[in-house]
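Student: Before we start, here is the structure in question, set down as structure tokens.
Number of protein chains: 2
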Amino acid sequence: MAYRETPAVRARLDAARTRLVEEATAVVAEVGWAGASVGVVAAAAGMSAGSVYQHFPSKSALAVEVFRRAAGREVEVLGAVLGGSGGDAATRLARGVEVFARRALESRGLAHALLAAPADEAVGTERLEFRRRYRALFADVVREGTEAGLLPPQDPEVTAAALTGAVGEVLVDPLAAPGSPAAADALLCELTALALRCAGAPPTRRTEPGRRP
Amino acid sequence: MAYRETPAVRARLDAARTRLVEEATAVVAEVGWAGASVGVVAAAAGMSAGSVYQHFPSKSALAVEVFRRAAGREVEVLGAVLGGSGGDAATRLARGVEVFARRALESRGLAHALLAAPADEAVGTERLEFRRRYRALFADVVREGTEAGLLPPQDPEVTAAALTGAVGEVLVDPLAAPGSPAAADALLCELTALALRCAGAPPTRRTEPGRRP
DNA sequence: CAAAGGTCTGAATGGTGGTTCACTTCTTTC
DNA sequence: GAAAGAAGTGAACCACCATTCAGACCTTTG
């Protein structure tokens, strides 16, 4: 025996793998799944096409990891807002939609990749799961609201699906690209108001979503 | 000179072209855009792969025509319901959503192809336009409602986008496949109620969507 | 430093599927 | 029926990637 993996080597490999995933994410956000060939992604990460296969068994596996990382972060953030203790169900719902939308607006490319861009089958499956989780988060809050009598009776799953669909639709359409920060704020405002109406929350005046105290 | 196209020939050619488009639509509804290769589609239409190119300059062009035909029909139907004279804006809105959703439920494959299935770039562009038209139809009704004071102030475009997104999201997810006709009716009911809440219509009791007098 | 066992490369391989084209098979006209 | 043109065919062509692999290059150990 004359060679064993040393911590330094392990670290270098891990770093390379991480870099690969990160650069692949950037490429996907930029040009979509279709344009992210193994060659392009490898070049972006500063390695050869062949080397990709030392980190992942296939392009699909890499794509799935890229998706999971990015989507997982989003679910986590949304979960924290919706599940937190910042006000009643309706308030958290509004804040959740705002966060969802704001993050998507801030990186439209990634949002598009996660929500809508054509992708291969493996990523498509992953996407369904992702939407399901998003929906479950929204549905929980809606359910809480109806049980507390704050929201009218409704199927929480349908409402939750509508919320993700609505935000996705508004954001993904290139027409909806707000030119100015003010326009973005207005859009967020409309979206939160819409979300509250969707869930049937009574139309009271609420804090402006974009305001910072 | 010794040959000129005769009406009979023209008719045969047109019929072949129509058949090609129709069969291609069926194939796409069945297996999605990805699975609809030129060979498969040609076989379904009873012609050879080469013959497809006598009717269309490229596969993309055929795909676009398939999309336009199917989507155009949907837009037309929805437009008739929303723009018709059957009640106030809110009622027509609810009926429009119901029609949209019912038709999608009745041919899920096609709905999926039109709304969500991965497609090549040309079809993707067409899809954006299609959604835009859908949105414009809904937006008009919402605008009418707000101007009549029936609906609260809101950005009609955002509400309209939400409606298409919501219906799409609910319908396209395989989980939402209703097993029984009763479940489908319940889903439609939830959807119309949701749509009315989305637009901010006052929560009065309305006619059951599925009822026939 | 030499041996052993990695990592890394990039050209070759292979599968897929749109597109073309030389050829066959009609249709029409004279 | 023969010539003039289409229409129709399907095998061959080609572009495009994902994937592999033989060899080059590194790192570690004794």
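Protein chains in written order, with my numbering: chain A, 18 to 230; chain B, 18 to 230.
Positions of the beta carbon are idealized from the N, C-alpha and C atoms, including for glycine.
This one's a predicted model, so the numbers in the text were calculated from it and none came from an experiment.
1) In three-state terms, what does DSSP make of GLY100/B?
2) Look at the alpha carbon of VAL187/A and the alpha carbon of PRO173/B, and state the distance between them as a whole number of angstroms.
3) Please report the straight-line C-alpha distance between LEU37/A and GLY52/B, rounded to a whole angstrom.
4) Name the two residues that bound the continuous alpha helix (DSSP H) containing LEU131/A.
5) I want to verify the contact list: residues of chain B whose CB lies under 8 Å from the CB of THR8/A, in sequence order.
6) Consult DSSP for THR42/B and reduce its assignment to one of helix, strand or coil.
7) Please list, in chain order, the chain B residues whose beta carbon lies closer than 8 Å to that of ARG148/A.
8) Let me see if you follow: with CB-CB separation under 8 Å, is ARG229/A close to chain B or not?
9) Beta-carbon of ARG214/B versus every beta-carbon of chain A: anything under 8 Å?
10) For PRO226/A, count neighbouring C-beta atoms within 10 Å of its own C-beta (all shown protein chains included) and say buried if the count is 16 or more, exposed if not.
11) Quick check on DSSP: helix, strand or coil for SER68/B?
12) My output table needs one value for PRO135/A: the three-state DSSP class, helix, strand or coil.
13) In whole angstroms, what separates the C-alpha of ARG152/A from that of ARG214/B?
14) Where SER68/B and ARG85/B are concerned, what is the direct C-alpha to C-alpha distance, given to the nearest angstrom?
15) Does DSSP put ARG21/A in a helix, a strand or coil?
16) Kindly indicate the opening and closing residues of the alpha helix (DSSP H) around PRO198/B.
17) Can you tell me the Cβ-Cβ gap for ALA216/B and LEU154/B, rounded? I've got them flagged as a contact below 8 Å.
18) Can you check whether the C-beta of ALA33/B is within less than 8 Å of a C-beta belonging to chain A?
19) Of all the residues that make up the stretch 86-104 of chain A, which are near chain B by a beta-carbon distance shorter than 8 Å?
20) Is it true that the stretch 25-41 of chain A meets the stretch 100-114 of chain A, where meeting means three or more beta-carbon pairs spaced less than 8 Å apart?
21) Please compile the residues from chain A whose C-beta is within a distance smaller than 8 Å of the C-beta of GLU207/B.
22) Counting only beta-carbon atoms, is THR181/A nearer than 8 Å to chain B?
23) Taking Cβ-Cβ distances shorter than 9 Å, what residues in chain B pair up with ALA136/A?
24) Under 6 Å Cβ to Cβ from GLU143/B, same chain only, skipping five residues before and after it: list those, please.
25) So ALA183/B is in the alpha helix (DSSP H); what residue range does that whole segment cover?
26) Establish whether the CB of TYR20/B and some CB of chain A are separated by less than 8 Å.
27) At 8 Å on the CB atoms, spell out the chain B contacts of GLY217/A, in chain order.
28) What in chain B is Cβ-close to GLY241/A, meaning under 8 Å?
29) Contact defined as beta carbons within less than 8 Å: I believe ALA178/A pairs with ASP202/B. What is the distance between those atoms, to the nearest angstrom?
30) Less than 8 Å between the C-beta atoms of ALA88/A and PHE147/A, yes or no?
31) Express the C-alpha separation of ALA59/A and PRO195/B in angstroms, rounding to a whole number.
32) Determine, using beta carbons only, whether ARG145/B comes closer than 8 Å to chain A.
Tutor: With the given structure in hand:
1) helix
2) About 12 Å.
3) 31 Å
4) 125-132
5) One cannot answer for residue 8/A here, as it falls past the ends of chain A, which runs 18 to 230.
6) helix
7) Under the 8 Å cutoff, chain B gives GLU186 and ASP190.
8) Confidence at ARG229/A is low in this model, with a pLDDT of 41, below 50, so the placement of that residue is unreliable and no value is reported for it.
9) yes
10) Bear in mind that a pLDDT of 45 at PRO226/A, under 50, signals an unreliable position, so the number given afterwards is only what the model happens to contain. Under this definition PRO226/A is a buried residue.
11) helix
12) coil
13) Rounded to the nearest whole angstrom, the C-alpha separation of ARG152/A and ARG214/B is 18 Å.
14) 21 Å
15) Coil, per DSSP.
16) 198-216
17) The Cβ separation is near 13 Å, so there is no contact.
18) Using beta-carbon distances, ALA33/B does not count as an interface residue toward chain A, since no partner is under 8 Å.
19) none
20) no
21) GLN171, ASP172 and VAL175
22) yes
23) PRO135
24) VAL81 and PHE84
25) 173-189
26) No - not a single Cβ of chain A is within 8 Å of the one on TYR20/B.
27) ARG214 and PRO220
28) Because chain A in this structure spans residues 18 to 230, residue 241/A falls outside the shown range and cannot be described.
29) That pair is no contact at about 18 Å.
30) Closer than 8 Å, so yes.
31) 44 Å
32) A quick correction: the sequence has Leu, not Arg, at residue 145/B. It does: the Cβ of LEU145/B has a partner Cβ on chain A nearer than 8 Å.
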